[in-house]
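Chemist: Quick one: the structure is below, and I'll ask about it shortly.
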Amino acid sequence: GKPGTELKLGDTMRIFKSNIEQIYGDAPSADGAPLAEGDISGLADGTLYLGLHEYARRFGPAYKLCFGPKSFIVLSDASLARYVLATNNKGYNKGVLAEILEDIMGKGLIPADPVTWTSRRRAIVPAFHKRWLQRMISMFALKVDVLNDDLKTTSGPVDLEERFGSLALDIIGSAVFNYEFDSTLKPSKVVQAAIDTLREAEHRSMTPAPYWKIPGAMQLVPRQRAFTANMNLLNDQLNNAIAGAFEDRVEMDTEDLQENMDYETMENPSLLRFLVDQRGEEATGTQLRDDLMTMLIAGHETTASALTWCVFELAQNPGLLAELREELDKVLPDGKAPATREQIEALQLTRLTVAESLRMYPQPPLLIRRAVDDDSLPAARMPDSEDLSDDLRNNDVEVKMQRASDVFIAVYSIHRSPRYWPEPDKFDPHRWLKPYKNPDEPNWAGYDPDKWMGSIGTLYPTETATDFAFMPFGGGARKCVGDQFAMMEATVALAGFLRNYDFEFAGKTDTPDKVGTNTGATIHTRNGLWMTVTERSK
Ligand code: HEM
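If you count the sequence shown from 1, position 390 lands on 452 in mature numbering (1 follows the signal peptide of the UniProt record, and there is no 0), and the numbers rise without skipping.
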């Protein structure tokens, strides 16, 4: 087998045995990671990332978490995240996550084995080219205007989390396979199937024992029967679209597809179209289904959550909202959502607001990996924390990763660490106007005020510009392929909404504390984001 891909019993036993000796026998830790002890909150109620954040204050940048025979090495340090995701990315694979997701995403990019991943990544990345993204911006604007028109007709509290979810689903369906879910306007069976499939992916990623793999469970357990029915419905739609794309296939070189197509007038500018037409990248129908399903799931709730938390924060921050509206009124005088890249470029504060939402509410809040082999992590510094125990204070921690160890990268903790971010729990998009300074390396070569926000180049802060202290799209080889797409989509949607509506906590969530949080693959609310939404008074 591929090393580390399947858990070998010997590896698991080795890790388990050393943990037991450490916990009960006072033996030194085999991996050098301090053991996090004490109640962990959030395991049962889907806020594990909050418990891990608390632990990072007490046990430092790399600690071990044991649940029965299972253990995780939890990394809450930007330089360790960079090491695992980028420097030594070949030493780590998707581990548990791949096992959980393969029934849904098959050999799609997120769970794919290394051989499939290499060839599909090479085929898919070119599809997200500049001219296609430009066409996508105008599509985002159309869909946002549809939502905005519909909001005009509502009275009483609206669940904005649900509305943003529908918007993101409509957008991703159109981008991926030119399919009109139309979920913004009306409920449908296909929409419900898509939403429920996603929920199942989340349920599975939070259920430690994969009971659905037991023979018969898929037939006997009602939620698993429903899941199969939903998957079939969604697969039918995807397979029809794929068959259609093969019928109309026009083989072209990648550069031709990127440079010589008229994306502005093309009837079907979907990713599917590109993937089928691209010469030299022939994929089977099954592989395409897996790719499309993966992108549908990866690109839906992530973006919706980013929008939800923007609005949640802005409803409590009238000063910032007023400042944003000044920018929006200037760039969008007619109230239509931004439909060009130039408009997005002009909306700097709006863009940074989206980035700030992903800093405070990263989606997903943790990344999962498994060590392919024994490995030594670089030394990491303990935080300046009152909560640290005496034996940990002032020491570096150096983890000797054991082969097959499961790893969490606690993105939430990194994004909220006072080491990297002054006032980390404050929602402040203005923080992005200043270049990031690496606290661990004052002479960090990546520090470049000319390449920062507002000056040139990149529209959004990135993991490389912050040395992995901000990594909403991961980093290294497995970095998100939809990062630009998603950031621009969220910017267009946020701009269209803020420009045109006043909003206020109402109904079930008439105060911010009633919103609550809950996590599956993303941080979502516990009770929805119910607000009254009225046309903006000028
Ligand atoms: C991977 C976040 C939107 C497609 C990832 C990863 C993160 C992420 C953190 C890395 C996972 C890991 O290393 O374990 C986000 C966020 C989004 C977003 C926060 C929205 C705000 C999208 C969209 C698409 C997409 C719109 C597609 C249209 C993918 C794919 C991968 C991925 C295919 C796997 C890449 C690979 O393994 O090679 N995303 N994503 N994502 N994302 Fe996104």
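We put the CB at the ideal spot given by N, CA and C, even for glycine.
#1: Cβ of V373 versus every heavy atom of the ligand HEM: is any distance shorter than 7 Å?
#2: Please go through the same chain and pick out, in chain order, the residues whose beta-carbon is closer than 6 Å to the beta-carbon of S245, but skip the five residues on each side of it.
#3: Which full runs of the beta strand (DSSP E) of 3+ residues lie inside the segment 362-443, going along the chain?
#4: From which residue to which residue does the beta strand (DSSP E) around W506 run?
#5: Taking 8 Å as the cut-off, decide whether the C-beta atoms of T145 and P440 are in contact.
#6: Would you kindly work out how many angstroms separate the C-alpha atoms of D339 and M323, rounded to a whole number?
#7: For I518, which of helix, strand or coil comes out of DSSP?
#8: How long is the line joining the alpha carbons of A174 and A160, rounded to whole angstroms?
#9: Cβ of P188 versus every heavy atom of the ligand HEM: is any distance shorter than 7 Å?
#10: Checking 8 Å against the spacing of the C-beta atoms, do M293 and T346 come in under that value?
#11: Can you name the residues that DSSP bridges to N580?
#12: What span of residues does the alpha helix (DSSP H) with S133 cover, start to end?
#13: For R183, verify whether its CB is less than 7 Å away from any heavy atom of the ligand HEM.
#14: For A548, verify whether its CB is less than 7 Å away from any heavy atom of the ligand HEM.
#15: Going by CA-CA distance only, name the one from L333, T415, A408, T402 that's closest to V373.
#16: Just grab the DSSP bridge partners of A568 for me.
#17: Are at least three pairs of beta-carbons, each pair with one atom in the segment 325-340 and one in the segment 519-528, less than 8 Å apart?
#18: Where do the ends of the alpha helix (DSSP H) carrying L114 lie?
#19: Is it buried or exposed for E302, if we count other Cβ within 10 angstroms and need 16 for buried?
#20: Once the 5 residues before and after A568 are set aside, which same chain residues still bring their CB inside 7 Å of it?
#21: Please report the straight-line C-alpha distance between N580 and G113, rounded to a whole angstrom.
#22: Taking the beta carbon of I82 as the centre, do at least 16 other beta carbons fall within 10 Å, making it buried, or is it exposed?
Modeler: On the basis of the supplied data:
#1: no
#2: S228, L231, D232, V253
#3: 429-433
#4: Run containing W506: none; DSSP gives neither H nor E here.
#5: The question names Thr, but residue 145 is Tyr in the sequence shown. For Y145 and P440, yes; Cβs fall inside 8 Å.
#6: 12 Å
#7: Residue placement at I518 is flagged as unreliable, the pLDDT there being 46, under the threshold of 50; the coordinate-derived value follows with that caveat. I518: coil per DSSP, three-state reduction.
#8: Linking A174 to A160 through their CA atoms gives a straight-line distance of about 7 Å.
#9: no
#10: no
#11: Answer is H586.
#12: Looking at the DSSP string, S133 is not in any alpha helix (DSSP H); the run it does join, the beta strand (DSSP E), is 132-137.
#13: yes
#14: The answer is yes for A548.
#15: T415
#16: T571
#17: Judged by Cβ distances under 8 Å, the segment 325-340 makes no contact with the segment 519-528, as fewer than three pairs qualify.
#18: 110-121
#19: Position check: residue 302 holds Asn in this sequence, whereas Glu was assumed. N302 should be labelled exposed.
#20: Non-local C-beta neighbours of A568 in its own chain, meaning closer than 7 Å and more than five positions away in sequence, comprise P219, W592, M593, T594, ordered along the chain.
#21: 13 Å
#22: exposed
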